[in-house]
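Numbering of the sequence shown is given in this note's numbering, commencing with residue 87 and proceeding in unit increments.
Even for Gly, the Cβ is constructed at its ideal location relative to N, Cα and C.
Since the model is a prediction, treat every value here as computed from it, not as a measurement.
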Amino acid sequence: MLGKPVVGEMSEDAVLDTAAALATTAQQAEVQMLVVAYRWAVLNDPDHKLDPVEVSKPGREQVRQYGGAGTRPVSEFAASLLGARIGRSTYAAAALIADAQDLQDRHPVLWGRVLAGEVRASYARFVVSKTRELDALEAGWVDGEVAESADGRITWTRFEALVVGKVAAAAPELAREKEERARRATFAKKIGTPEHGMASFLIRAPIPVIEQLDTAIGAVAERLRERLPDDPHAAEVLRQPVGEEQPDPTPTAVSADERRVLAVLMLANPGTAPEGLDIGALAPRAELVVHLDGRSIADAGEPLPPIGRVEGHGPVTREWVRDVLGPHARFTIRPVLDPLGQVPVDAYEIPARHRRAVRVISPADVFPFSSGTSNRMQVDHTDPWAPGDAGGTSEVGNYGPMTTTHHRVKTHGHMRVKQPYPGVFVWLDPYGALYLVDHTGTRRIDHAA
């Protein structure tokens, strides 16, 4: 089209600017779809669309409650008509109507940010889908708690965990009911159809059971790695009936996953263990990190919800900690101390106490929009360390957790970073874009944002 640049002729800056503009257009279209879906629900008010006499007849259109408590009912067939027009299923259209109603009627703060272009529709729709079982007051509380973080400053996985935790805190009794339903839904069974000589086995069990199983498998697999590193026939046990020896003449490299599968077989049948490898002496210990507030009253005088968090797994009630972990676990209590009151050290190596403090200040990878939250991330000096006054010091306020990849980008790439305050990082990319990263997530802060 005349007057518009050809993509193949764009500069680097033009490509990035065009990508940002296209993303904005797509976001605006999603918002308008929610506006239209809400209007469609209004136009399909059953009080005006349905004849009470006809509704009572078999197979006739009924009244449906798509949204949560406090939203208006809608004529049943409205979703089918909308879905057909937009090329989506009836189920997808019903979800769109429900989300649009919940956003406008139950989440005013979040909806305001959506209309302002500050929050993506996908983030907002996720929130309302998780709060649909809550009453209007509970949904409104979650609205105020998550609206600030819904603008993409934190990545999807972190936002998902935040919302799930706030929903549990808003309705602890409902959270307990869900925990009880989940507890009864345990199983260990073969799933799917075997194919090419392979099958699957799925276990659904309480977190401690899975953690213990994972730890045991990992411990045995590690012993196998030490004893049989890259042995071409270590995995043959997986392909042979117990008691038979039929070595495959073609060597097979053993991967970490193959060792873990072999470890499962050895735990189920110790007789399959390689000669001289005693797995009975292994007593692996699984470690779960549970975050609980020792207070029952917040600083503002409001009662705190009885909800904790299992690191890497999500929110749990205090009753779950007591009933599930209590009878079997040994607890080590580590109070959260002032992370800024850590004495600097005159060395490059980062002490464990500093690592724990950094974890409290920065719970995730400090690279812009990163989703990493692992405890095994590297802790990097923001201002590179050097002896004496030649570089940055080893102290809280000059550290930041990062994945190996982002550590390499920061060290060897063209991204520059400063930490003006502990836990607050300002990044500059090679094209002039500025990003602010703190405990709330990432925001772009330069004039072109």
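> Which class does Asp99 belong to by DSSP, given the choice of helix, strand or coil?
Replying inline: The residue given as residue 99 occupies position 13 in the sequence shown. DSSP places Asp99 in helix when its eight states are reduced to three.
> By DSSP, does Tyr507 sit in helix, in strand, or in coil?
Replying inline: Stepping through the sequence shown from its first residue, residue 507 is reached at position 421. Three-state result, Tyr507: strand.
> Quick one: what does DSSP say Gly427 is sitting in, helix, strand or coil?
Replying inline: Position 341 of the sequence shown, counted from the first residue, corresponds to residue 427. The predicted model places Gly427 with a pLDDT of 48, which falls under 50 and marks its position as unreliable; any figure quoted below should be read in that light. Reduced to three states, the DSSP call for Gly427 is coil.
> Thinking C-alpha only, which one of Ala257, Thr358, Glu204 is nearest Trp227?
Replying inline: Working through the sequence shown from its first residue, we reach residue 227 at position 141. Residue Ala257 is the option with its Cα nearest to Trp227.
> How big is the Cα-Cα spacing for Glu259 and Asp221?
Replying inline: For the purposes of this step, residue 259 is taken as residue 173 along the sequence shown, with counting starting at 1. For the purposes of this step, residue 221 is taken as residue 135 along the sequence shown, with counting starting at 1. Using only the alpha carbons, I get a separation of about 13 Å.
> CB-CB under 6 Å to Asp188, same chain, minus the five flanking residues each way: which ones, in chain order?
Replying inline: Here the question's residue 188 lines up with position 102 in the sequence shown. Cβ within range, chain order: Gly153, Gly154, Val214.
>> Using 9 Å as the threshold, is the C-beta distance between Val195 and Gly238 below it?
In response: As a working mapping, residue 195 is identified with position 109 in the sequence shown. As a working mapping, residue 238 is identified with position 152 in the sequence shown. Cβ distance not < 9 Å, so Val195 and Gly238 don't count as in contact.
> Between the stretch 234-250 and the stretch 168-183, do three or more beta carbon pairs fall short of 8 Å?
Replying inline: no
> If you run the structure through DSSP and keep just helix, strand and coil, what is Leu353?
Replying inline: For the purposes of this step, residue 353 is taken as the residue at position 267 of the sequence shown. Leu353 falls in the helix class under three-state DSSP.
> Which whole-angstrom value is the C-beta distance of Pro132 and Val92, which I expect to be below 8 Å?
Replying inline: Taking the sequence shown and counting its residues from 1, one reaches residue 132 at position 46. Taking the sequence shown and counting its residues from 1, one reaches residue 92 at position 6. Contact flag wrong, Cβ pair sits at about 52 Å.
>> What does the Cβ neighbour count give for Thr497, buried or exposed, with the cut at 16 atoms within 10 Å?
In response: In the sequence shown, residue 497 corresponds to position 411, counting from 1. It is exposed - the Cβ of Thr497 has fewer than 16 other Cβ atoms within 10 Å.
>> Just to check my reading of the structure: Val523 and Val452 have Cβ atoms closer than 8 Å, yes? What is that Cβ distance to the nearest angstrom?
In response: On the sequence shown, residue 523 is found 437 positions in, with the first residue counted as 1. On the sequence shown, residue 452 is found 366 positions in, with the first residue counted as 1. Between Val452 and Val523 the Cβ distance is about 5 Å, and since that is below 8 Å, they are a contact.
>> Measuring alpha carbon to alpha carbon, tell me which residue in Gly458, Val347, Pro508, Arg244 is nearest Ser286.
In response: For the purposes of this step, residue 286 is taken as residue 200 along the sequence shown, with counting starting at 1. When only C-alpha atoms are compared, the closest one is Val347.
> Arg150: beta carbon under 8 Å from a heavy atom of the ligand FMN?
Replying inline: With respect to small molecules bound, the structure shown includes none, and the ligand FMN cannot be examined in it.
>> Please state whether the Cβ-Cβ distance between Pro516 and His492 is less than 9 Å.
In response: Counted from its first residue, the sequence shown places residue 516 at position 430. Counted from its first residue, the sequence shown places residue 492 at position 406. It is not a contact, given that the beta carbons lie outside the stated cut-off.
> When the Cα atoms are used, what is the spatial distance from Pro144 to Val295?
Replying inline: Along the sequence shown, one-based indexing puts residue 144 at 58. Along the sequence shown, one-based indexing puts residue 295 at 209. Taken atom to atom, the span from the alpha-carbon of Pro144 to that of Val295 is near 49 Å.
> Which residues mark the beginning and the end of the alpha helix (DSSP H) in which Ser215 is found?
Replying inline: Position 129 of the sequence shown holds residue 215. First-last of the alpha helix (DSSP H) with Ser215: 207-217.
> Which runs of the alpha helix (DSSP H) spanning at least 4 residues fall entirely within the stretch 114-160, listed in chain order?
Replying inline: 132-135, 138-141
>> Going by beta-carbon coordinates alone, are Glu147 and Leu129 separated by less than 9 Å?
In response: Taking the sequence shown and counting its residues from 1, the one referred to as residue 147 is at position 61. Taking the sequence shown and counting its residues from 1, the one referred to as residue 129 is at position 43. Going by C-beta atoms, Glu147 is not nearer than 9 Å to Leu129.
> CB-CB under 7 Å to Leu102, same chain, minus the five flanking residues each way: which ones, in chain order?
Replying inline: Within the sequence shown, residue 102 is the residue found at index 16, counting from 1. Here the set comprises Tyr517.
> In the DSSP assignment, what residue or residues form a beta bridge with Lys275?
Replying inline: On the sequence shown, residue 275 is found 189 positions in, with the first residue counted as 1. According to DSSP, Lys275 bridges with Leu288.
> What does DSSP give as the partner residues of Trp513 in its beta bridges?
Replying inline: If you number the sequence shown from 1, residue 513 lands on position 427. DSSP output for Trp513 lists Val503, Tyr521 as bridge partner(s).
> Counting pairs of beta carbons, one from the stretch 239-246 and one from the stretch 263-279, are three or more of them closer than 8 Å?
Replying inline: no
> What distance in whole Å lies between the Cβ atoms of Ala254 and Ile393, which are believed to be in contact at a cut-off of 8 Å?
Replying inline: One-based indexing of the sequence shown puts residue 393 at position 307. One-based indexing of the sequence shown puts residue 254 at position 168. About 5 Å separates the two Cβ atoms, so the contact holds.
> Which whole-angstrom value is the C-beta distance of Leu182 and Ala123, which I expect to be below 8 Å?
Replying inline: Sequence index remark: in the sequence shown, residue 182 carries index 96 (1-based). Sequence index remark: in the sequence shown, residue 123 carries index 37 (1-based). Confirmed, about 5 Å.
> What is the DSSP secondary structure of Asp466, counted as helix, strand or coil?
Replying inline: Position 380 of the sequence shown, counted from the start, is the residue given in the question as residue 466. Residue state, collapsed to three classes: strand.
>> In this structure, how does DSSP classify His589 when only helix, strand and coil are distinguished?
In response: The structure shown does not extend to residue 589, since the chain spans only 87 to 535, so no value can be given for it.
> Where does the unbroken beta strand (DSSP E) through Pro194 begin, and where does it stop?
Replying inline: On the sequence shown, position 108 is the one that residue 194 refers to. Run containing Pro194: none in the beta strand (DSSP E); it sits in the alpha helix (DSSP H), 194-201.
> Buried or exposed: which applies to Glu98, given that a residue is buried once 16 or more other Cβ atoms fall within 10 Å of its Cβ?
Replying inline: Stepping through the sequence shown from its first residue, residue 98 is reached at position 12. Label assigned to Glu98: exposed.
> If you run the structure through DSSP and keep just helix, strand and coil, what is Arg311?
Replying inline: Indexing the sequence shown from 1 puts residue 311 at position 225. Helix.
>> Which residue marks the beginning of the alpha helix (DSSP H) containing Gly230, and which one marks its end?
In response: For this step, residue 230 is matched to residue 144 along the sequence shown. Here the alpha helix (DSSP H) through Gly230 covers 222-232.
>> Once the 5 residues before and after Gly458 are set aside, which same chain residues still bring their CB inside 7 Å of it?
In response: Your numbering for residue 458 matches position 372 in the sequence shown. Cβ neighbours of Gly458 beyond the five flanking positions: Ala450, Asp451, Thr489.
> Identify the residues that DSSP records as bridge partners of Arg530: which are they?
Replying inline: For the purposes of this step, residue 530 is taken as the residue at position 444 of the sequence shown. DSSP, once it has assigned bridges, lists Tyr521 as partnering Arg530.
> In three-state terms, what does DSSP make of Thr176?
Replying inline: Here residue 176 corresponds to residue number 90 of the sequence shown, with the count starting at 1. Thr176: helix per DSSP, three-state reduction.
> Taking the alpha-carbon positions, what's the Ile293 to Asp409 distance?
Replying inline: Working through the sequence shown from its first residue, we reach residue 293 at position 207. Working through the sequence shown from its first residue, we reach residue 409 at position 323. For Ile293 and Asp409, the distance between alpha carbons rounds to 12 Å.
> What is the DSSP secondary structure of Arg239, reduced to helix, strand or coil?
Replying inline: Start at 1 with the first residue of the sequence shown, and residue 239 comes out as number 153. Note: Arg239 maps to coil in three-state DSSP.
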